[in-house]
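Numbering (UniProt numbering), first residue to last: 1 to 116.
Every residue gets a Cβ at the ideal spot worked out from N, C-alpha and C, and that includes glycine.
This report concerns only the one structure given below.
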């Protein structure tokens, strides 16, 4: 999944189409996100065990939104000439964030391999 908490996204379908909001929570296992200050789809879940109440889960799937050019765009990954990896918007070429997040995941993987 290419979006992160704090990204600004634009709704591309449904009754909230065209509205913009910030991501509050990301569910990577099913590629959905929760958006702040928008009407969300609700999913009613039955209780799993007797005596527990059921749940109402709010879900929404969105695209990134460019703050500079105000264009909805998909996210791509590329490696710059100096070797750093970045996320960028495909339509505008705007760089979203640098490699600090990539560096952290690489270090975590190396530490896990060493300890195993």
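Check: How long is the line joining the alpha carbons of residue 42 and residue 9, rounded to whole angstroms?; Outcome: 19 Å
Check: Quick check on residue 20: does DSSP put it in helix, strand or coil?; Outcome: strand
Check: Residue range of the beta strand (DSSP E) that residue 122 falls in?; Outcome: The structure shown has nothing for residue 122, since the chain only spans 1 to 116.
Check: Which word fits residue 54, buried or exposed, when buried means at least 16 other C-beta atoms lie within 10 angstroms of its C-beta?; Outcome: exposed
Check: Taking the alpha-carbon positions, what's the residue 22 to residue 49 distance?; Outcome: 34 Å
Check: Compute the beta-carbon to beta-carbon distance between residue 4 and residue 26, rounded to the nearest angstrom, for a pair I have assumed lies under 8 Å.; Outcome: 7 Å
Check: Please list the terminal residues of the continuous beta strand (DSSP E) segment that includes residue 38.; Outcome: Note, residue 38: premise wrong, no beta strand (DSSP E); not H, not E.
Check: Following the continuous beta strand (DSSP E) through residue 10, name the residue where it begins and the one where it ends.; Outcome: 8 to 10
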